[in-house]
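Here's the structure we're looking at; comments come further down.
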Amino acid sequence: MTTSQQRPAVAELCAVSKSYNTAGGHELKVLDNIDLAVHEGELLALLGQSGSGKSTILRCLTGLVEPSSGHTMAAGKQLYGVNRDASVVFQTFALYPWLTVEQNVAVGLMSHNPTREERDAAVDRAIELIGLGNYHSAYPRELSGGMRQRVGIARALVSKPKLLCLDEAFSALDVLTAENLRQELISLWRAPDSGLTSIFMVTHNIEEAVEMATRIVVVFPRPGRLGLVLDNPLPYPRDSKSPEFQRLVNIIHEAITTLSLPDLPPETHVPGEPISRGRKRMESIPLIPVGQILGLMSLLHDEPELNNIYDISDEIGKEFGETIATVKAAEILELVDTPKQEVYLTDLGRRFVAADRKGQRAIFAEQVYKLRIFHIILAVLGEAEEIEAERVLKDIGSALPYDNPEKTFETMIAWGRYAGLMDYNAKTGMVFVPKDEDDEDGAQG
1 MTTSQQRPAV
11 AELCAVSKSY
21 NTAGGHELKV
31 LDNIDLAVHE
41 GELLALLGQS
51 GSGKSTILRC
61 LTGLVEPSSG
71 HTMAAGKQLY
81 GVNRDASVVF
91 QTFALYPWLT
101 VEQNVAVGLM
111 SHNPTREERD
121 AAVDRAIELI
131 GLGNYHSAYP
141 RELSGGMRQR
151 VGIARALVSK
161 PKLLCLDEAF
171 SALDVLTAEN
181 LRQELISLWR
191 APDSGLTSIF
201 MVTHNIEEAV
211 EMATRIVVVF
221 PRPGRLGLVL
231 DNPLPYPRDS
241 KSPEFQRLVN
251 IIHEAITTLS
261 LPDLPPETHV
271 PGEPISRGRK
281 RMESIPLIPV
291 GQILGLMSLL
301 HDEPELNNIY
311 DISDEIGKEF
321 GETIATVKAA
331 EILELVDTPK
341 QEVYLTDLGR
351 RFVAADRKGQ
361 RAIFAEQVYK
371 LRIFHIILAV
381 LGEAEEIEAE
391 RVLKDIGSAL
401 PYDNPEKTFE
411 TMIAWGRYAG
421 LMDYNAKTGM
431 VFVPKDEDDE
441 DGAQG
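For the sequence shown, UniProt numbering gives the first residue as 1, with consecutive numbering after it.
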């Protein structure tokens, strides 16, 4: 236990679960039994893939969202409503374009009802803290992205919160601006006279978490639950090229990769033979376009030495979680194998890359049909030729209760169109078996 973890918690989730109703009216559980505390003096980073529930955890901690079960504590008391001792900086700057920097920062005091003198003093202090001293009268349109985010941070700090929450606060900024702002925020948090004691940050960027945090928690998805918890004792300022820094990065990489791409022996299916019991297990469909899967296959074929998943992520310019999802999509189609943190074409994958467009679609169709959720829907279509989309959504919701049925449906239709197995008419709301014709644009979905 670190020194900060021995201090009182400024905010805490106790056995918190959260479910939402999707646009189609289906209940989706996004958090399951979360126990998490942010202590005085710590900078806690929450890592996870898109859709893992990171932002929902932040919203529960700050009282912006009420848990479906469990409860939130703030300063040792159960929280009802918004946590007035917490402030949030979001990814989008969310500034009022008709207000000046000074006026935008003052918005952070609206619920505190200060006197004019108190407000002016607090605004001036926050503006100076975050390095906006000469920009009191500037409007957002006159500022760069980095300066606008500084205004957002100053607005969050103006009320002197016990807990500053960052929800992907640096992801919309260019690399150099984000790095500069991260370093300034660390310096501000460490300064004894800044008044800032605790930070809770949500990020998908592993290096960012290791650079900033004293403790790192990895959220596993479907439904969101706490996985790896890692103390980070590295001294500040941290060197991203040091062996100790890279060791922590690799531990987190391996934990996320092992969860998403477990080392299971590939299973061979003989055409015409029944699909095995193991292959029939229900598998989530990664929400990845067909074109992205095809791009990965081409990359692995053209650059066979590029087989490390981290290097692939850098090469294609995608965040690590999205790269994992793309590899997972190819893996469940048995086009790649993923021993440890490496990715290789299978024999079927090599045949797929070597085939012409028609041959690729035939292989894709055969592999898609093996996926249990596709198998269920296509079996119904084989009897009825067309079914209501609502029926498909209900089947998805029942079979994959922790996946968003609407998003899964969209991906299934895109994959089904490319494979020539199923299509969807948005006007009639019907899913149907398409005519046997070569659709040149199928890979775009």
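For glycine and all other residues, C-beta sits at the position ideal for the given N, C-alpha and C.
Residue i, DSSP secondary structure in three states
i, result
"HIS253", "helix"
"LEU381", "helix"
"TYR20", "strand"
"GLY145", "helix"
"SER313", "helix"
"PRO265", "Here PRO265 scores only 47 on pLDDT, less than 50, and its place in the model should not be relied on; the value that follows carries that caveat. Of the three classes helix, strand and coil, the one that applies to PRO265 here is coil, per DSSP."
"PHE200", "strand"
"HIS112", "helix"
"ILE34", "strand"
"PHE170", "coil"
"LEU228", "strand"
"GLY70", "strand"
"LYS370", "helix"
"LYS435", "coil"
"LYS358", "helix"
"PHE120", "Going by the sequence as given, residue 120 is Asp instead of Phe. Looking at ASP120 - three-state DSSP - the assignment turns out to be helix."
"ALA191", "coil"
"LYS241", "coil"
"LEU129", "helix"
"LEU64", "coil"
"LYS29", "strand"
"ALA138", "coil"
"ALA15", "strand"
"GLY53", "coil"
"VAL158", "coil"
Residue i burial status per 10 Å Cβ neighbour count (16 or more: buried)
i, result
"ARG357", "exposed"
"MET212", "buried"
"ASN134", "exposed"
"GLU273", "Low confidence applies here, because GLU273 scores a pLDDT of 43, under 50, leaving its location unreliable; read the following figure in that light. The residue is exposed, with fewer than 16 neighbouring Cβ atoms inside 10 Å."
"MET110", "exposed"
"PRO243", "exposed"
"GLN292", "buried"
"HIS112", "exposed"
"VAL229", "exposed"
"LYS340", "exposed"
"GLN6", "exposed"
"MET282", "exposed"
"TYR424", "buried"
"ASN21", "exposed"
"SER398", "exposed"
"residue 449", "As shown, the chain starts at 1 and ends at 445. That puts residue 449 outside it, with no answer to give."
"ALA354", "exposed"
"PRO97", "exposed"
"ASN250", "exposed"
"TYR236", "exposed"
"PRO262", "exposed"
"ALA106", "buried"
"ARG116", "exposed"
Those residues which DSSP pairs with residue i across a bridge
i, result
"ARG215", "LEU44, ASP231"
"TYR344", "ASP337"
"PHE220", "ARG225"
"LEU259", "Note: LEU259 sits in no beta bridge, so no partner."
"MET430", "GLU388, ASN425"
"HIS39", "ALA9"
"GLU208", "Answer by DSSP bridge pairing: none, since GLU208 is not bridged."
"LEU164", "SER87, ILE199"
- Message: Contact between the segment 146-153 and the segment 177-188 is defined here as three or more beta-carbon pairs at a separation below 8 Å; is this criterion met?
- Response: Flag = yes, the segment 146-153 and the segment 177-188 touch.
- Message: To test your reading of the DSSP string, which unbroken beta strand (DSSP E) runs of 3 or more residues are found completely within the segment 76-102?
- Response: Within the segment 76-102, the complete beta strand (DSSP E) runs of at least 3 residues are 86-89.
- Residue ranges of each alpha helix (DSSP H) run of no fewer than 4 residues wholly in the segment 283-329, ordered along the chain? DSSP runs (the alpha helix (DSSP H)) wholly in the segment 283-329: 290-302, 309-316.
- Secondary structure, beta strand (DSSP E): runs of 3+ residues fully inside the segment 395-419: List check, beta strand (DSSP E) in window: nothing returned.
- Pairing CB atoms from the segment 193-213 with CB atoms from the segment 134-149, are three or more of them under 8 Å? Here the segment 193-213 makes no contact with the segment 134-149; the two share fewer than three CB pairs at distances below 8 Å.
- Message: Could you check whether the segment 30-46 touches the segment 314-326, counting it as contact only if at least three pairs of C-beta atoms, one from each stretch, sit closer than 8 Å?
- Response: Verdict: no, contact absent.
- With contact counted as at least three CB pairs below 8 Å, one residue from each stretch, are the segment 382-396 and the segment 295-309 in contact? Taking one beta carbon from each stretch, the segment 382-396 and the segment 295-309 have fewer than 3 pairs nearer than 8 Å; the two do not touch.
- Message: Tell me whether the segment 164-184 and the segment 200-220 touch, counting them as touching only if at least three CB pairs, one residue from each stretch, are closer than 8 Å.
- Response: Yes, they touch.
- Task: Specify whether the segment 364-379 and the segment 399-413 touch according to this definition: at least 3 beta carbon pairs, one from each stretch, less than 8 Å apart.
- Result: Because the criterion of three Cβ pairs below 8 Å is met, the segment 364-379 and the segment 399-413 touch.
- Query: Pairing CB atoms from the segment 88-97 with CB atoms from the segment 65-75, are three or more of them under 8 Å?
  - Reply: The segment 88-97, when compared against the segment 65-75, does not touch it at the 8 Å Cβ threshold.
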